[in-house]
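J.:
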Amino acid sequence: MSLVRGLHHITVCAGGAQEDIDFMTQVCGQRLIKQTVLFDGRYAHYHLYYANADCEPGSVYTTFPFNRVKGRPGAGQIQSTAYTVPKGSVKFWEEHVKRHKVPSEGVKERFGQKYLRFNHPSGLQIEVIEDDSDKRKGWTTDQVSSDVAMKGFHGPMLSVREVSETERFFVDALGFKKTGTEGNLHRFEVAGGGPARTVTLMHEPDRPSGSWVFGAGTAHHVAMDLESDEKLAEQKGIYEELGYTDCSEIKDRNYFHSIYCRCPGGILVECAATAQGAFARDEAESELGTHMLLPPWFEEKRAEIMAMLDPIRVPEGNIPKDAKKVAAATLPDAGPGDTSAAGVSRRKAEFIGGDKSKN
Ligand SMILES: [Fe+2]
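See below:
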């Protein structure tokens, strides 16, 4: 049986922070659920998290606004991220993105499902794909009502120059099953399949490889959802047994713990186990995304970090309409052991710059 329960999050590099927030909340109708910073490196960058109404794994799209470095799209990368929408709503999305002057490729179909692909301002690609089997609750806004809202991920599309070894990785190491082929597309599903349990490989043998570095306009990695730190250790064992010996140690990402392993097609795959308290561990449910939150070990450098970041504005609609103010004191206790993940990567903040340093 697979240790992977489905998708956990997808992480991409956007361009400017405010344009990312405006696009993800106003065009895609997502809720900004967390503002924090990238935990690695010497430059301060935002790390912004967006999700559906219940902030569920499998709906969490995270962005590093990364103006400092431009990425090069290509093979060996996540090509696009597809969100599920109700049947019949793709037409709405075509008109909605047009109203926002967002370029789209028009309504198409794959595996019998209608979809629309459109562009994030940084060049990243987002899709909405119709699937009525998805019962999750989408976040709603003034322009995106519940009958059309994105419910969470359907799944990423990964561009690969060769299919076979990436297929072996997803099947043997992660427990996916191949469930369909259509043209140059190969669909894989895990844990019962369907929305948030699907990955599609797009075979592009002649496409030059994309960049691996953090860079604006390219996706960085896809994360699978595992139950616990013990399962992460078990997954690391599976990787090593199969010969994928470049799996990372367990890293503490504050809201979840993670291991990373690059698959043969070049795409970085993370396995993540949600930490106790999840996204509400440092911010009340009703106020998610409205404070700049740093992990405890970065707190003493807050002023220095903030000086390196452009100020951002969170739209008013980001607070649930029926939300009551919840005192910080009522936040769930993160619990002992949460900051003691085995072999955690970084506990000291030493920054030399941020996106602003480029200007
Ligand atoms: Fe991640």
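Just add 269 to wherever you are in the sequence shown, counting from 1, and you've got my numbering. Beta carbons: idealized from backbone N, C-alpha and C, even for Gly.
1. Can threonine 559 be considered in contact with ligand 1, in the sense that its beta carbon sits closer than 7 Å to one or more heavy atoms?
2. Is histidine 278 helix, strand or coil when you go by DSSP?
3. Could you pull the start and end residues of the alpha helix (DSSP H) that leucine 307 belongs to?
4. Please name the residue or residues paired with glycine 506 in a DSSP beta bridge.
5. Would a C-beta distance cut-off of 8 Å place leucine 563 and arginine 550 closer than the cut-off?
6. By Cβ distance below 8 Å, which residues in the same chain neighbour lysine 339 in space, the five residues on each side in sequence not counted?
7. Per the DSSP calculation, glycine 229 is bridged to which residue(s)?
8. Excluding sequence positions up to five away, which residues of its chain have a Cβ less than 7 Å from the Cβ of glycine 285?
9. Does the beta-carbon of histidine 526, which I'm using as the reference point, lie nearer than 7 Å to any heavy atom of ligand 1?
10. Return the chain-ordered list of same chain residues with a C-beta closer than 6 Å to the C-beta of phenylalanine 620, the five sequence neighbours on each side being excluded.
11. As a quick exercise: from Ala492, Leu501, Asp494, Thr450, pick the residue whose alpha carbon is nearest that of lysine 379.
12. Give me, in chain order, the residues of the same chain whose beta-carbon lies closer than 7 Å to that of serine 271; leave out the 5 immediate sequence neighbours on both sides.
13. Look up serine 555 in the DSSP assignment and say whether it is helix, strand or coil.
14. Is glycine 623 closer than 8 Å to leucine 578 when the C-beta atoms are compared?
15. Just to confirm the assignment, what range does the alpha helix (DSSP H) spanning glutamate 364 have?
16. Can you tell me which of the three DSSP states aspartate 494 falls into?
17. What are the complete alpha helix (DSSP H) segments, minimum 4 residues, inside the stretch 326-351?
18. What would DSSP say about aspartate 393, mapped onto helix, strand or coil?
19. Over the uninterrupted beta strand (DSSP E) stretch that includes isoleucine 536, give me the two end residues.
20. Measuring only the C-alpha atoms, how far is glutamate 399 from asparagine 587?
21. For glutamine 287, does the three-state DSSP call read helix, strand or coil?
22. Please list, in chain order, all residues with a C-beta atom less than 5 Å from at least one heavy atom of ligand 1.
23. For the alpha helix (DSSP H) containing alanine 576, list its first residue and its last residue.
24. Just curious, the alpha helix (DSSP H) that arginine 379 is in, first and last residue?
25. Closest to alanine 488 by C-alpha separation, out of Glu569, Tyr330, Cys532, would be which residue?
26. Determine, using beta carbons only, whether tyrosine 352 and glycine 463 come nearer to each other than 8 Å.
27. Going by DSSP, which residues form a beta bridge with proline 425?
28. Measuring CB atoms only, is the stretch 530-542 touching the stretch 410-430, in the sense that at least three cross pairs come out at less than 8 Å?
T.: Let me lay it out:
1. Reading the sequence shown from its first residue, position 290 is the one you call residue 559. No.
2. As a first step, residue 278 is located in the sequence shown; it is residue number 9 there, counting from the start. Of the three classes helix, strand and coil, the one that applies to histidine 278 here is strand, per DSSP.
3. Position 38 of the sequence shown, counted from the first residue, corresponds to residue 307. Premise fails: leucine 307 is in no alpha helix (DSSP H) and is neither H nor E.
4. Here residue 506 is taken as the residue at index 237 of the sequence shown, counted from 1. DSSP output for glycine 506 lists no bridge partner at all.
5. As a working mapping, residue 563 is identified with position 294 in the sequence shown. As a working mapping, residue 550 is identified with position 281 in the sequence shown. Cβ distance not < 8 Å, so leucine 563 and arginine 550 don't count as in contact.
6. One-based indexing of the sequence shown puts residue 339 at position 70. Hits under 8 Å: Gly484, Ala485, Gly486.
7. As shown, the chain starts at 270 and ends at 628. That puts residue 229 outside it, with no answer to give.
8. Sequence index remark: in the sequence shown, residue 285 carries index 16 (1-based). The residues are Pro334, Asn336.
9. Translated into positions along the sequence shown, residue 526 becomes position 257. No, Cβ of histidine 526 sits at least 7 Å from all heavy atoms of ligand 1.
10. Taking the sequence shown and counting its residues from 1, the one referred to as residue 620 is at position 351. Correct list, in chain order: Arg311, Ala313.
11. Walking along the sequence shown from the start, residue 379 turns up at place 110. It is arginine, not lysine, that sits at residue 379 in the sequence shown. Out of Ala492, Leu501, Asp494, Thr450, Thr450 has the C-alpha closest to the C-alpha of arginine 379.
12. Along the sequence shown, read from residue 1 onward, the residue named residue 271 stands at position 2. For serine 271, where only same-chain residues beyond five positions count, the Cβ hits under 7 Å are Leu443, Gly444, Val459, Ala460.
13. Locating residue 555 in the sequence shown gives position 286, counting from the first residue. In the structure shown, serine 555 sits in a helix (DSSP, three-state: H, G or I).
14. Residue 578 sits at position 309 when you count from the first residue of the sequence shown. Residue 623 sits at position 354 when you count from the first residue of the sequence shown. Cβ atoms of leucine 578 and glycine 623: closer than 8 Å.
15. Within the sequence shown, the letter at position 95 stands for residue 364. Segment 359-368, the alpha helix (DSSP H) holding glutamate 364.
16. Residue numbering aside, residue 494 sits at position 225 when the sequence shown is read from its first letter. Strand at aspartate 494.
17. none
18. Counting from 1 along the sequence shown, the entry for residue 393 is found at position 124. Before going further, note that residue 393 is leucine rather than aspartate in the sequence given. In this structure, leucine 393 counts as coil in the three-state DSSP scheme.
19. The sequence position of residue 536 within the sequence shown is 267, counting from 1. First-last for isoleucine 536: undefined, no H or E at that position.
20. In the sequence shown, counting from the first residue as 1, residue 399 sits at position 130. In the sequence shown, counting from the first residue as 1, residue 587 sits at position 318. Glutamate 399 and asparagine 587: Cα-Cα distance of roughly 25 Å.
21. The sequence position of residue 287 within the sequence shown is 18, counting from 1. Reduced to three states, the DSSP call for glutamine 287 is helix.
22. Thr280, Ala492, Glu539
23. On the sequence shown, residue 576 is found 307 positions in, with the first residue counted as 1. Looking at the DSSP string, the run of the alpha helix (DSSP H) that includes alanine 576 is 571-576.
24. Sequence index remark: in the sequence shown, residue 379 carries index 110 (1-based). It is not in any alpha helix (DSSP H) - arginine 379 instead sits in the beta strand (DSSP E) that spans 373-379.
25. The residue given as residue 488 occupies position 219 in the sequence shown. Residue Tyr330 is the option with its Cα nearest to alanine 488.
26. As a position in the sequence shown, residue 352 is number 83, starting the count at 1. As a position in the sequence shown, residue 463 is number 194, starting the count at 1. No, they are not a contact pair.
27. Taking the first residue of the sequence shown as 1, we reach residue 425 at position 156. DSSP, once it has assigned bridges, lists Thr350 as partnering proline 425.
28. yes
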